[in-house]
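Following: one structure in structure tokens, then a few remarks.
There are 2 protein chains.
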Amino acid sequence: MTDVADISVVLDRSSPIPLYFQCARQIEAAIERGELQPGQRLDNEVDLADRYGLSRPTMRRAIEELVAKGLLVRKRGVGTQVVHGQVNRPVELSSLFDDLSKNDQRPSTRVVSLETKPADDEVSEALGLAAGAPVLAVERLRFARDEPLAIMHNWLPPDLGQLDADALAAHGLYELLRSFGVNMRIAQQRIGAAAATTAEARLLGVRKGAALLTMQRTTYDDTGRPVELGRHVYRADTYTFEITLVGR
Amino acid sequence: MTDVADISVVLDRSSPIPLYFQCARQIEAAIERGELQPGQRLDNEVDLADRYGLSRPTMRRAIEELVAKGLLVRKRGVGTQVVHGQVNRPVELSSLFDDLSKNDQRPSTRVVSLETKPADDEVSEALGLAAGAPVLAVERLRFARDEPLAIMHNWLPPDLGQLDADALAAHGLYELLRSFGVNMRIAQQRIGAAAATTAEARLLGVRKGAALLTMQRTTYDDTGRPVELGRHVYRADTYTFEITLVGR
DNA sequence: AGCAGCACTTTGTAAAGACATGATGACTAA
DNA sequence: TTAGTCATCATGTCTTTACAAAGTGCTGCT
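Okay, structure coming up:
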């Protein structure tokens, strides 16, 4: 019977930020501050809703947000508990560039090539275009702290916006797409491993045949249209994917 | 202005299966049958709820289920659409064994070792035990179609149940844990790549130094308690991880 | 003393109503 | 012709209420 914490949650009902979101963020912050210890029980939904002046569905939604994130675990008839162990943030719908920026890894980019050319079969299929339709093909080399980290190939429909090498050198691809008004929603990724080819080895500064992490991704926007196909290879000694899975 | 489909949904209100779930499954089935084409718009929530005799929140929840799965995409003021392209099932909270069984890959297992021994620092930390506390250590070799596929190391708290080599040879670890009443809820995974050591190469039937896919996982049950730590290596030529990410 | 069953707690499911907000297209005025 | 405004549509947010089901532990009966 662990005792139950009294987390202070301050809600601003005049803010455009939804109440359930404000509430979820503040509970999340309390967990990260250690105010809520792993294994500790939260009060039940009804009392919490009462205490914070929310309806039960709204309170519930806030908690569900954190359950989906893997921070909390709930069980009918028992209650809601904080998950043991520290949480790694899951792979999000963000680009490598964003991730590196957040972690002070000083990302930089060299644009190797940038051209419009006819799509081959795999690319046109993935992007839902006619075979041979023109696509924008980008190859970039990504550095973190001036160390080469990844070789990134991307193919995009040509009508998304005007990409130029300078912009790509200074910003992440996802950032640029967002600035064009593209709302990315769903990505399907396939993660594997492969040995470095001679060319890859030279670009990444590893020995030929060294193990590399490979990722292929198709991204769809909020209308379900494919907006990007990416094939990337990462140095395995510097990079790993972190994922949090939540069941049921 | 794509026309809108009239999907037949039959609900059984006397079934213990929730209405939103019944509804979601039937829409999902319609998508998989191709009755709903990629890019096609669904009717709006209110009409659908009306047609199926559900309240709007319940109808909404059904749709949200499919949005979370990456099958649908919705946009305020616009509507709900089927995502283009075929959907890969995301990495679920299931074991490799289950996955292989589903795909007729004829999984089999050789138990290399199975013993209780003191946890080293990393293991005890991951499982939330005292350093040196006894843990169950398992090493297995997993085959698919009689080809070696993965080397799997697992560490478990000793009080979960009685694992024996015969059971492990015939069933997946997750399956056995479930039969002990363990309800796995959250898993944190880290996916990387590494070159095969001599021992790994021999077990997996690849050349030394070949690229392997590595996965480290900590699994928590529905009380937030860690129940498993796994460190696995996969043959990269036979295995990849598939993930579907949903943003917002 | 042991065990079955009941009561209580807590989350899960469902409904109906209200208002907010983002998108879109049509209509109007400059 | 063009640009701005407005009506409309569809989803997003929030509330109140009710009952169902699962897990826990206690009580009372045998």
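From first to last, the protein sequence lines are chains A and B. Residue numbering for the first sequence follows the working numbering, starting at 12 and increasing by one per position. Residue numbering for the second sequence follows the working numbering, starting at 12 and increasing by one per position. Ideal Cβ positions, reconstructed from N, Cα and C, are used throughout, including at glycine.
Query	Result
DSSP three-state assignment for residue 199 of chain A, whether helix, strand or coil	strand
The beta strand (DSSP E) enclosing residue 259 of chain A, as first and last residue numbers	Note, residue 259 of chain A: premise wrong, no beta strand (DSSP E); not H, not E.
Residue 166 of chain A versus residue 188 of chain A: straight-line alpha-carbon distance, rounded	13 Å
Buried versus exposed, by CB contacts within 10 Å (16 or more), residue 246 of chain A	buried
4 or more residues per run - each alpha helix (DSSP H) lying fully within the stretch 39-75 of chain B	56-63
Whole-Å CB distance - residue 151 of chain B paired with residue 123 of chain B, under 8 Å assumed	6 Å
Distance between residue 177 of chain A and residue 104 of chain B (C-alpha atoms, nearest Å)	42 Å
Assumed close pair residue 204 of chain B, residue 224 of chain B - CB separation to whole angstroms, cut-off 8 Å	6 Å
Check whether residue 260 of chain B and residue 144 of chain A have beta carbons under 8 Å apart	Because chain B here runs from 12 to 259, residue 260 of chain B falls outside it and cannot be looked at.
Where the beta strand (DSSP E) through residue 147 of chain A begins and ends	145-155
Exposed unless 16 or more other CB atoms sit within 10 angstroms - verdict on residue 106 of chain B	buried
Bridge partner(s) assigned by DSSP for residue 227 of chain A	A:201 and A:242
7 Å Cβ shell around residue 77 of chain B - same chain, five flanking residues per side excluded	35, 38, 39 and 83
Check whether residue 55 of chain A and residue 90 of chain A have beta carbons under 8 Å apart	yes
Selection of the stretch 26-54 of chain A by Cβ proximity to chain B, strictly under 8 Å	49 and 50
Proximal residues, the stretch 183-215 of chain B versus chain A, C-beta separation under 7 Å	195, 196, 197, 198, 199, 200, 201, 202, 203, 204, 205 and 206
Below-8 Å beta-carbon distance, residue 67 of chain B vs any chain A residue	no
Cutoff 8 Å: residue 129 of chain A Cβ touching any chain B Cβ	no
Touch test, the stretch 252-259 of chain A against the stretch 112-120 of chain B, Cβ-Cβ under 8 Å, three pairs minimum	no
Whole-angstrom distance between residue 227 of chain B and residue 202 of chain B, CA atom to CA atom	7 Å
Burial state of residue 209 of chain A (16 or more Cβ within 10 Å)	exposed
Members of the stretch 231-255 of chain B that neighbour chain A once the beta carbon cut-off is set at 7 Å	231, 233, 234, 235, 236, 237, 247, 251, 252, 253, 254 and 255
Span separating the alpha-carbon of residue 241 of chain B from that of residue 129 of chain A	44 Å
Whole-Å CB distance - residue 95 of chain B paired with residue 237 of chain A, under 8 Å assumed	6 Å
Backbone secondary structure at residue 6 of chain A - three-state DSSP	Residue 6 of chain A lies beyond the stretch modelled for chain A, which goes from 12 to 259, so this question has no answer here.
Test: residue 257 of chain B CB closer than 8 Å to a CB of chain A	yes
Proximal residues to residue 48 of chain B (C-beta, below 7 Å), its chain only, five neighbours per side dropped	93
Cα-Cα separation, residue 191 of chain B to residue 108 of chain B	17 Å
Beta-carbon neighbours of residue 224 of chain A, restricted to chain B and to distances below 7 Å	203 and 204
Under the three-state DSSP convention, the category residue 117 of chain B falls into	coil
Cβ-based burial, residue 156 of chain A [other Cβ within 10 Å; buried from 16]	exposed
Neighbour flag for residue 93 of chain B against chain A, beta carbons, 8 Å	yes
Contact list for residue 155 of chain A against chain B, beta-carbon separation under 9 Å	Result: empty, since nearest Cβ-Cβ is about 16 Å, beyond 9 Å.
Outcome for residue 29 of chain B when other beta-carbon atoms lying within 10 angstroms are tallied against a minimum of 16	exposed
For residue 210 of chain B, the three-state DSSP class (helix, strand or coil)	helix
Residue 37 of chain A in three-state terms, based on DSSP	helix
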